[in-house]
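Here the structure is laid out as structure tokens; the discussion comes afterwards.
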Amino acid sequence: MRPTISNAFNSPQRRDKTSNQPSDLKDSLLPLHAALTSRPYGWNLTVSPMRAVDSIAALRRTSRRCTVAIMLRDEPGVEPHLLAITERLGISVLHHLGLASMALPYDSALDLAAFLEARSYVAVIVDGPIEPGDLRALRRAVDMGTSPLAAEVRAIAVIDIRPHHSIQVQTRWKVHAMAVLAEDFRQYIAATRGQTAEGIARPEQRQLESLMARSGSVAILPKETRCYSTFIDVGLRTLFSNQTDPADLSLVYDLIGGMWYSPE
69 MRPTISNAFN SPQRRDKTSN QPSDLKDSLL PLHAALTSRP YGWNLTVSPM
119 RAVDSIAALR RTSRRCTVAI MLRDEPGVEP HLLAITERLG ISVLHHLGLA
169 SMALPYDSAL DLAAFLEARS YVAVIVDGPI EPGDLRALRR AVDMGTSPLA
219 AEVRAIAVID IRPHHSIQVQ TRWKVHAMAV LAEDFRQYIA ATRGQTAEGI
269 ARPEQRQLES LMARSGSVAI LPKETRCYST FIDVGLRTLF SNQTDPADLS
319 LVYDLIGGMW YSPE
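Start counting the sequence shown at 69; every next residue gets the next number (the working numbering).
And the structure:
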């Protein structure tokens, strides 16, 4: 049911349509920007570009029993609402609250997220079932502007999705934030290859934590990414004295072994 969606790093506006050379592909990609900060509830990760469906899938790897609550942020008059979308597409729903909030099994949440690319909404990943009372508490937290993590002790992450592939992830534990960031690194490698992410490995948590420890932020610079036949050298900016600064570090992805390495 999930439609084919272009990789979040692809930017048709930046792609030179007159060039068909594979070596030009990376120069048309959007740069990755991510920042990690500590919060009273745990950690806050902002990352762009990233698709909501990829972030939900990344968190699935950290909990095999998860259920997902999806709640629209749109104005009440914006159509279609979630209930209409799920009924039209035959997506399985556990229960709903009005027209714009519902609890879904993991696979159904992925199907729904794939059709909400242009909408603003909140997805809450819960380790276990979401009952009607739980959904009401989560909706109330969103409406009041407080973290849904405080409303549901079993919630492991809250994904705030905005248009243009920008997301914010609230988590209790750093491992969940790093899982999302690792998935976006994986999606970036797929974009440089012009393929899906299937078969591409993610960086290890320790590698990403080492990068983020330098300044709390990291950017992937497509113009400083070097693609070779057996590996990809990914140029990174981890020190942000100036937005025009060049890469100060790199990670190498081995296309043969499917491993990430630091050249240091």
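Note that CB positions come from ideal geometry on N, CA and C, so glycine has one too. Since this is a predicted model, take the numbers as computed values, not measurements.
Ranked by Cα distance from residue 203, the options 286, 165 and 318 are led by 165. Pairing residue 104 with residue 288 gives a Cβ-Cβ distance that is not under 8 Å. Note on the region 193 to 250: whole alpha helix (DSSP H) runs with a minimum of 4 residues are 200 to 212 and 216 to 219, in chain order.
Cβ contact annotation for residue 123 (same chain, cutoff 6 Å, sequence separation greater than five): 227, 235 and 248, in chain order. In the displayed model, residue 327 falls within a strand according to three-state DSSP. Taking the CA atoms as reference points, residue 75 sits about 7 Å from residue 255. Collapsing the DSSP output to three states places residue 106 in a strand. Each of 273, 295 and 106 was checked against the Cα of residue 95, and the nearest Cα belongs to 295. Per DSSP, reduced to three states, the secondary structure at residue 302 is strand. Distance check between residue 285 and each of 267, 306 and 271 places 306 closest, using alpha-carbon atoms only.
At least 8 Å separates the beta-carbon of residue 177 from that of residue 237. Nearest to residue 155 by C-alpha distance, out of 266, 271, 180 and 251, is 180.
Residue 186 sits exposed, since fewer than 16 C-beta atoms from the chains shown fall within 10 Å of its C-beta.
In terms of CA proximity to residue 114, 252 leads the group 272, 252 and 330.
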